[in-house]
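Chemist: Going letter by letter, the sequence shown gives residues 8 to 162 in my numbering.
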Amino acid sequence: MKRFPLTIIAPTCDMYLSKYLNNGAASPGSQMTYRVSYQNYGNSPCQNVVVTDTLPAAVNYVSWSGAMTPTVNGNLVTWNLGAVPGPYDTGYYGYLDLTVRLPETATVGTVLTNTATITTTTAETNVNNNRATDVRTVSAPTPNLYISKSLYSSQ
């Protein structure tokens, strides 16, 4: 009978979060869609996972999309994800999108700082990847002007 060594690996939880502007531009009167992505880099489920996104004061919340419904309180958006499984199990990663509107009265040059965090009640191996920030500056809108000319004949 052959014997094979067995290595037991301790269970780990490591929630990771990233954030970026997925669509739109930071110009007065425009809509922007931020994407928050999360993933469990550990080998076991993380329990009671919560994502919190603090939107810049200068923007107005419009809508969200994703698998979970958030709680919105002013510029604070919170998703209670519950348990996030370990790698390769369904649901070990996901995306949350937030659409916001920058008012027409927004001042060009204003800095927009959008920070998201992820927490869990399970001890993590790395908490340095639990926060992500997107920073951009409000810029003047780029006009979209189209001119069309055609010849109309009724012959």
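For every residue, glycine included, the Cβ atom is placed at its ideal position computed from N, Cα and C. Please read these numbers as outputs of a predicted model, since none were measured by experiment.
Going by the CB atoms, is the gap between Ala90 and Pro52 shorter than 7 Å?
Modeler: Yes; because the gap between Cβ atoms is below 7 Å, this pair is in contact.
Chemist: Could you spell out where the beta strand (DSSP E) holding Gly89 opens and where it closes?
Modeler: Looking at the DSSP string, the run of the beta strand (DSSP E) that includes Gly89 is 83-91.
Chemist: Counting only runs that start and end within the stretch 46-133, where is the alpha helix (DSSP H) found for 4 or more residues in a row?
Modeler: Qualifying alpha helix (DSSP H) stretches: none in this window.
Chemist: Measure the C-alpha to C-alpha separation of Tyr95 and Ser155 and round it to an integer number of angstroms.
Modeler: If you take the alpha carbons of Tyr95 and Ser155, they lie about 52 Å apart.
Chemist: Pull up the DSSP beta-bridge partners for Asn30, would you.
Modeler: DSSP output for Asn30 lists Thr40 as bridge partner(s).
Chemist: Straight-line CA distance for Thr61 to Thr120?
Modeler: Taking the straight line joining both Cα atoms gives about 9 Å.
Chemist: Hey, Val56 and Arg108: beta-carbon distance below 7 Å or not?
Modeler: No. Outside cutoff.
Chemist: Given a cut-off of 7 Å on the beta-carbon distance, is the pair Val145 and Thr117 in contact?
Modeler: Yes. Within cutoff.
Chemist: Would you mind giving the Cβ-Cβ distance between Asn137 and Gly93, rounded to the nearest angstrom? I have them listed as a contact below 8 Å.
Modeler: No, Asn137 and Gly93 are not in contact; Cβ-Cβ is about 17 Å, not under 8 Å.
Chemist: Would you mind reading off the limits of the beta strand (DSSP E) that contains Ala139?
Modeler: First-last of the beta strand (DSSP E) with Ala139: 138-144.
Chemist: Kindly indicate which three-state DSSP category Met8 falls into: helix, strand or coil?
Modeler: In the structure shown, Met8 sits in coil (DSSP, three-state: anything other than H, G, I, E or B).
Chemist: From Thr78 to Val84, what distance separates their C-alpha atoms?
Modeler: Each residue's Cα considered, the two are about 6 Å apart.
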